[in-house]
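Numbering (the numbering used here), first residue to last: 47 to 281. We put the beta carbon where it would ideally sit given N, CA and C, even for glycine.
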Amino acid sequence: MITLKLYTNVIKKIILSSIKAKRGEYSYEELVIDGLKVLQMMRDVGCKITIKGVENLKNLNPPCVFIANHMSTLETFVLPGVIGKEFRVTFVVKRSLLNYPFFGKILTSLHPIPVTRKNPREDYKIVMQEGLKRLEERISVIVFPQAAREITFDPNKFNTLGIKLAKKASVPAVPIALRTDAWGMGKIIKDFGKIDPSKPICFFIGKPLYVQNKGLKEHLQIIEFIEQSLRKCYN
Numbered sequence: 047m048i049t050l051k052l053y054t055n056v057i058k059k060i061i062l063s064s065i066k067a068k069r070g071e072y073s074y075e076e077l078v079i080d081g082l083k084v085l086q087m088m089r090d091v092g093c094k095i096t097i098k099g100v101e102n103l104k105n106l107n108p109p110c111v112f113i114a115n116h117m118s119t120l121e122t123f124v125l126p127g128v129i130g131k132e133f134r135v136t137f138v139v140k141r142s143l144l145n146y147p148f149f150g151k152i153l154t155s156l157h158p159i160p161v162t163r164k165n166p167r168e169d170y171k172i173v174m175q176e177g178l179k180r181l182e183e184r185i186s187v188i189v190f191p192q193a194a195r196e197i198t199f200d201p202n203k204f205n206t207l208g209i210k211l212a213k214k215a216s217v218p219a220v221p222i223a224l225r226t227d228a229w230g231m232g233k234i235i236k237d238f239g240k241i242d243p244s245k246p247i248c249f250f251i252g253k254p255l256y257v258q259n260k261g262l263k264e265h266l267q268i269i270e271f272i273e274q275s276l277r278k279c280y281n
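Listed below in structure tokens is the structure:
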């Protein structure tokens, strides 16, 4: 019942917003508000939500590269709302997401950076070229360095793509640790699984890092931040 209630409200919101996006009438401010509304929908079905570290963005001039672990569909909906309208953001996304009914139109309006997830070398070129363009336009880029959504964070699957983009563009890299497995992965439709209010939802934003040399130190700092933050959320 909880899952049905939540998804009924979310899908209604997606359909209405996608109609506006198709007409070119969907503003970034509306996207941020929609993200906050989805978070409120999660609260309304009993989920406990913790957001920490927003103060780390107060004195940071955009753009930057946000680097986060990837756990569920929820973060794709709500991260612009969590980060705030002061930072216009877009995502590095799997190209197939742009073909999704309704949600694909919303995502397309963000001018995301689409990758195949099949050819790492080609994907790297796309992210470096298109990512640099977005950052030059003062649009911050959200990168999920994992190849796929995973409930358990595995540092060995967390690549350095975000660090390399931040280094190339000479912009800060900002770590985000998130736990969103309250929004489950479905067996039939992977993006929409069971909603479990017993699992807390956490968004922890770290301090900006300025990439030096090859960025190995900063990459390890981001991994450490995510691991420590997730431990706090699970305890």
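Just to confirm the assignment, what range does the beta strand (DSSP E) spanning residue i have?
{"i": "Cys248", "result": "Ile247 to Ile251"}
{"i": "Pro221", "result": "Ala219 to Arg225"}
{"i": "Thr96", "result": "Ile95 to Lys98"}
{"i": "Ile272", "result": "Careful: Ile272 lies outside any beta strand (DSSP E), inside the alpha helix (DSSP H) at Leu262 to Tyr280."}
{"i": "Val161", "result": "Ile159 to Val161"}
Residue i lies in the alpha helix (DSSP H); which residues open and close that run?
{"i": "Pro166", "result": "Pro166 to Glu182"}
{"i": "Ala228", "result": "Where Ala228 is concerned, there is no enclosing alpha helix (DSSP H), given that its DSSP letter is neither H nor E."}
{"i": "Thr122", "result": "Leu120 to Ile129"}
{"i": "Ser63", "result": "Ile48 to Lys68"}
{"i": "Thr154", "result": "Phe149 to Thr154"}
In chain order, what residues of the same chain have a beta carbon less than 6 Å from the beta carbon of residue i, not counting five sequence neighbours either side?
{"i": "Ile61", "result": "Phe148"}
{"i": "Gly3", "result": "Lying outside 47 to 281, the shown extent of the chain, residue 3 is not represented and no answer is given."}
{"i": "Ala67", "result": "Lys151, Ile152 and Ser155"}
{"i": "Glu121", "result": "Leu224 and Thr226"}
{"i": "Ser275", "result": "Ala223 and Phe250"}
{"i": "Tyr74", "result": "Arg134"}
{"i": "Gly127", "result": "Val78, Gly81 and Leu82"}
Between which residues of its own chain and residue i is the CB-CB distance below 7 Å, once the five residues before and five after are set aside?
{"i": "Leu181", "result": "Pro109, Val187, Ala215 and Val217"}
{"i": "Glu176", "result": "Ile159"}
{"i": "Lys213", "result": "Val257 and Gly261"}
{"i": "Ile272", "result": "Asn115, Phe199, Pro221 and Ala223"}
{"i": "Pro166", "result": "none"}
Classify residue i as buried or exposed, calling it buried when 16 or more other Cβ atoms lie within 10 Å of its own Cβ.
{"i": "Gly70", "result": "exposed"}
{"i": "Asp200", "result": "exposed"}
{"i": "Thr157", "result": "Per the sequence presented here, residue 157 reads as His, with Thr not at that position. It is exposed - the Cβ of His157 has fewer than 16 other Cβ atoms within 10 Å."}
{"i": "Gly96", "result": "Reading off the sequence shown, one finds Thr at residue 96, where the question assumed Gly. It is exposed - the Cβ of Thr96 has fewer than 16 other Cβ atoms within 10 Å."}
{"i": "Ser142", "result": "exposed"}
{"i": "Val100", "result": "exposed"}
{"i": "Met87", "result": "buried"}
{"i": "Arg134", "result": "buried"}
{"i": "Asp169", "result": "buried"}
{"i": "His244", "result": "In the sequence as displayed, the identity of residue 244 is Ser instead of His. Ser244 comes out exposed."}
{"i": "Met63", "result": "The displayed chain sequence assigns Ser, not Met, to residue 63. Per the 10 Å Cβ criterion, buried."}
{"i": "Glu264", "result": "buried"}
{"i": "Leu103", "result": "buried"}
{"i": "Leu125", "result": "buried"}
Under 8 Å by Cβ, that's how I've got residue i and residue j pegged, so tell me the actual separation to the nearest angstrom.
{"i": "Phe112", "j": "Val161", "result": "Their Cβ separation, rounded to whole angstroms, is 16 Å, which puts Phe112 and Val161 out of contact at 8 Å."}
{"i": "Gly252", "j": "Val220", "result": "6 Å"}
{"i": "His116", "j": "Arg225", "result": "With a Cβ gap of about 11 Å, His116 and Arg225 do not count as contacting."}
{"i": "Ile222", "j": "Val257", "result": "About 16 Å separates the two Cβ atoms, so there is no contact after all."}
{"i": "Lys98", "j": "Pro246", "result": "Incorrect: roughly 12 Å between the Cβ atoms, too far for contact."}
{"i": "Gly81", "j": "Phe123", "result": "6 Å"}
{"i": "Val84", "j": "Val56", "result": "6 Å"}
{"i": "Ile269", "j": "Phe204", "result": "6 Å"}
{"i": "Ile48", "j": "Ile241", "result": "5 Å"}
Closer than 8 Å by C-beta to residue i: which residues in its own chain qualify, once you throw out the five before and the five after it? Chain order, please.
{"i": "Leu50", "result": "none"}
{"i": "Tyr280", "result": "Arg225"}
Going by DSSP in three states, residue i sits in which element: helix, strand or coil?
{"i": "Ser186", "result": "strand"}
{"i": "Phe137", "result": "strand"}
{"i": "Val257", "result": "coil"}
{"i": "Ala114", "result": "strand"}
{"i": "Ile79", "result": "helix"}
{"i": "Ile209", "result": "helix"}
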